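Have a look at the structure below, then the notes.
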Amino acid sequence: MTEWTEPAERVSSPTFSRRILSEVLLRWGARLGLAWIGLLTLIAVFAPLLANSHPLLLRTAEGWSSPMLRFLGPADATLLGAFALAVLLRLLPGRPLARFLGWLAGLGILAAVSFALISPPSLVVFEQYREAQAEGAYLQVIRAPIPYSAKDYLRDFANTGLEPPRGSGDDRRHWFGTDENGADVLSRMIHATRIALSIGFIATGIALMIGIVLGGLMGYFSGIVDMLGMRLVEIFEAIPTLFLLLTFVAFFGRSLYLMMLIIGLTSWSGYARYVRAEFLRLRQQDFVQGAIASGLSLRSILFRHMLPNGMAPILVAASFGVASAILAEATLSFLGLGLVDDPSWGQTLNQAVQSSTFNWWLAAFPGGAIFLTVFAYNLIGEALRDAVDPHAQSGKAAVATKGAD
Amino acid sequence: MRSTPMPSREKRLWQPRGPTDMLDVKDLTIRLTHQAEPLVQGVSFSIARGEMFCLVGESGSGKSLTALAVMGILDRGFEAPTGEVWLQGRGTPQNLLTLDEPALAGIRGDRIGMIFQEPMTSLNPVFTVGEQIMEVLRLHRPELEAKEVAARALEALVEVQLPSPAQRFHDFPHKLSGGQRQRVMIAMALVAEPELLIADEPTTALDVTIQAEILRLIDRLREKNGMSVLLITHDFGVVAQVGDRVAVMHRGKLVEQGSTGVVVHTPQHAYTRQLIRALPENLPPLPPVPVHDQVKLLEVDRLQVHFPVLKGLLRRPVDFIRAVEDVSFDLAAGEVLAVVGESGCGKTTLGRALLRLIEPTGGSVRYHGQAMETLGRKELRRLRRRLQVVFQDPASSLNPRLTVQTTLTEPMAAHGIGADDEERIALARAVLEQVAMPADTLWRYPHEFSGGQRQRIGIARALVLDPDVIICDEVTSALDVSVQAEILQILGRLRAERQLALIFITHNMGVVEYLSDRMLVMKAGRMEELGRTRDVIARPQADYTRRLLDAVPRVSDHVGRHAAAN
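In structure tokens form, the structure reads like this:
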């Protein structure tokens, strides 16, 4: 009814997070990093469409069918569904936080439904389609760009594996060569993207959650809570993550989820320190004192006035944390303690030095991928740090504020 | 200065322009790289030998940039300044802008000394005071023997009247107070006996009594060494005290220059007139407001705030810092009480203890007869509506993540003011109008506003709860004088309209005189004096109050009040 609802008035000012984002995007390093992570995300989501021994579509005398869909696992379905949901929510109006929470809820439901309902046939004969195609049983076949699944071992010509990338002229081409089992390296790397990304995000997510809660409590209440909390932080900082991981792998077997959990549980101490320091600083800020003097509730002071203002430096630390979690997983796999059958960049790297010869294609490609991903996260982290640090603003703005008077 | 008057500027003769000039700046223009609009444009002035030349302007006027360009220490990001800067005196005249870096480095510290604003960060904390002064000498007087260097450095410390200089010589900077550090900075700047001293706001970070001492010191050394001084300041009071000639800068341009008496007396340029008129001592007096003496809003009785000093493994308190000790006063409805004192006297702690942002360790505060220290958490939150606060630093007093609308309506919602958001927004809009901010302020974020505007939003945040008392903690000290005048006028008007009582914490005597009914002088946590402002100013009872009042630089001291009010 009143003129205050006029949208023209309201959209005039960008929010704080939007300003930080545009600051970050000013930097070419951050753009490259974000582009690389975005590309990896797309690859991870669409991995079954990109590299698959099952034809995407084929036409036989009985009509069209899609073996790819029939062999789609619950994890594949969840990821694809989550992606579709994200695109859908991006188009819908609403507050970013609400949309994000909605997406998380949707993700949970999707995962539950797909793991309950989808059960692809457990017996997989990758060779059957190639043989059938060679016999001319299909009228029309549409294959994935890389027509090999990650676990399509040695079935091609019953050869020995470990083929370097071949030149052209071969219809069974392996762009990045094959590993010791004869599996296509590019295909394995594409499927391994999921592990690399998810271990980074989930392990860091767990660490962030613990770190923010404990650090926030220490910072706000200080005193005895702070003292005990800091001792706990010191205890956890004294635990060497890698050795703990090795021990757990030895006792409980190899599991991706266990790895995520352990990396998360041992790396929260850094975040807790950050949050504590931020909260100690923010408590003394006039606007927080003003909020207390206005009689606002503790919840509002903590979550509206303090946490969002302390988030930026924590995100910086988190982006570096993601990189180190990825490295930790790669290290484990390289040591031969990673996942058994599932593809992982570190595991491929490990194979490069396993046989008597040095298989360069097994080292260069996954090594390059690890390097680029860690580098991308570091670039993003650095850009974020510059963007939230008022003393290191980019370009003219900084000089102008410093130079004026 | 009332107790020890400075020699009158009018009497001193300064030499005619020309060959006796020390520094000649001609058509100096400074701009940022890739930016057409210059930050300093066509500035020309000259400083005679032995002259105290003041450059006055508000923040952003380009006065510090001018000094940095003269020294050749502009930041990266600036284009090489154009124009000419001729340094004369010893040797042949040189155009500083055409010299290369090694030549400039030889001149800095040797022929031109510089003092910066912030004494706390301008000394290197890992070297002793003496070492830092000796370094200057070793650099610029390599012919001196080591013994002589030490002797000269010590002499310099004696010269700047540092207490027990021989002992201080071996101390590290953290042992020195701000005023002492500024003395060391002056010793460093002067030890090589420069012909020109550039002082960039040398007293802005210091207390007023120390400011008076430092200004007197600079003036004395200028006279003794026959040195020229370029003093950069925003304070017309300081200019009137010590300046021979003054130049006024506004938005990168020199709008007026002349001898101090003439400029202060009969300012020609509209901007200079506006600046002088905005000084609290020259503002039109506020209409008298009736004070309801019988209604005691606040009664403060022997309030104490002690901070424990913790030591050892078990963090046992070994001593207490007595930040506020036995302070008692009362505040009537609609009254303005100024709390005055120098930095560290406990005035800010007192304000926060009244609000219970810091828990008092003793004494009592009664609001309408109800003791606040007995209140529980919930009751206290309800009471917070009545006692509000506005902070000093406009940069940190508003949550950067929230729009002004949220900042203003959230407290209202917490106290159940207004039926729904729409009503609260209408209320917020009305309050913004009272502090002369446009209505579209509501949808903007704090970073889009200037310091003065943010301070007004801060006042609006306090006002939306319709309080009885607002504690204003140095609300104008981070602001330029013209902006300060606006804020003071707004506060004066609000007080009359709303029957608002103000506790005005400040170190600025001009503001106290302008706004307050009564004043409380604090020193080292204790009350020195409490009385009606008019009486205290006219007949201070305590020694400390007298010293404080004497140290305040006033434009009116220069020529007498009537002429300056103009």
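Going line by line, the protein sequences match chains A and B. When the first sequence is numbered by our numbering, its final residue is 423 and no position is left out of the sequence of numbers. When the second sequence is numbered by our numbering, its final residue is 567 and no position is left out of the sequence of numbers. The C-beta atom is built at its ideal place from N, Cα and C for all residues, glycine as well. Quick caveat, the model's predicted, so the values are computed rather than measured.
In this structure B/N226 is in contact with B/E194, their Cβ atoms being roughly 6 Å apart against a cut-off of 8 Å. Fewer than three beta-carbon pairs drawn from the region 279-299 of chain A and the region 310-318 of chain A are found closer than 8 Å, and the two stretches are therefore not classed as touching.
Our two residues, B/V522 and B/A334, have alpha carbons roughly 21 Å apart in a direct line. The beta carbon of A/N199 does not come within 8 Å of any beta carbon belonging to chain B, so the residue lies off that interface. For the 8 Å CB-CB criterion, A/A341 and A/Y275 do not form a contact. Under the 8 Å Cβ criterion, the region 367-382 of chain B does not count as touching the region 445-453 of chain B, having fewer than three qualifying pairs. Of all C-beta pairs linking the region 499-506 of chain B to the region 336-345 of chain B, three or more are shorter than 8 Å, placing the two stretches in contact. Looking at the DSSP output, B/F308 sits in a beta bridge with B/I322. Rounded to the nearest whole angstrom, the CA to CA distance from A/A79 to A/Y156 is 8 Å. Excluding five sequence positions before and after B/P554, the CB atoms of its chain that fall closer than 6 Å to its own CB belong to G238, V239 and Q242, given in chain order.
Where B/A339 is concerned, the enclosing beta strand (DSSP E) starts and stops at V337 to V341. DSSP places B/L255 inside the beta strand (DSSP E), whose first and last residues are K254 to S260. Counting only residues of its own chain and dropping the five nearest sequence neighbours on each side, B/F392 has a CB closer than 6 Å to the CB of S398 and D474. B/N226 sits in a helix when the DSSP states are folded into three classes. Secondary structure at B/E530: strand, using DSSP grouped into helix, strand and coil. The closest CA to that of B/R139, considering only B/G110, B/P166 and B/E530, is found on B/G110. When Cβ-Cβ separations below 8 Å define contact, A/D304 makes contact with chain B. Sorting A/A290, A/G328, A/R249 and A/R299 by C-alpha distance to the C-alpha of A/V231 places A/A290 at the top.
For B/T67, the uninterrupted alpha helix (DSSP H) segment begins and ends at K64 to M72.
The residue among A/W193, A/L325 and A/G356 with its C-alpha nearest the C-alpha of A/S273 is A/G356. Contacts with chain A at 8 Å (Cβ-Cβ) do not include B/L98. For B/V41, the uninterrupted beta strand (DSSP E) run begins and ends at V41 to A49, by DSSP. Judged by their CB atoms, B/M250 and B/V86 are not nearer to each other than the 8 Å cut-off. Here DSSP, grouped into helix, strand and coil, assigns A/Y171 to coil.
Among the bridge pairs identified by DSSP, B/H293 is matched with B/A334.
Taking 8 Å as the threshold, the shortest C-beta distance from B/S397 to chain A falls below it. The beta-bridge partner set that DSSP reports for B/I472 consists of B/V390 and B/I504.
As for any alpha helix (DSSP H) of minimum length 4 sitting wholly inside the region 225-296 of chain A, the runs are 241-255, 259-270 and 274-284, ordered along the chain. The three-state reading of DSSP puts A/L107 in helix, counting H, G and I together. The beta carbon of A/M324 lies closer than 7 Å to those of F297, L300 and V306 in the same chain, with the five residues before and after it left out.
Across the set A/S374, A/G99, A/G247 and A/L380, the C-alpha of A/L380 shows the shortest separation from the C-alpha of A/W193. Sequence-ordered contacts of the region 353-373 of chain A with chain B are nonexistent [C-beta pairs closer than 7 Å].
B/L231 sits in a strand when the DSSP states are folded into three classes. Put simply, the CB of B/E411 is near chain A, with a gap under 8 Å to one of its CB atoms.
Residues V130 of the same chain have their beta carbon placed closer than 6 Å to that of B/V185, with the five preceding and five following residues left out of the count. B/Y368: member of the beta strand (DSSP E) spanning G363 to Y368, first to last residue.
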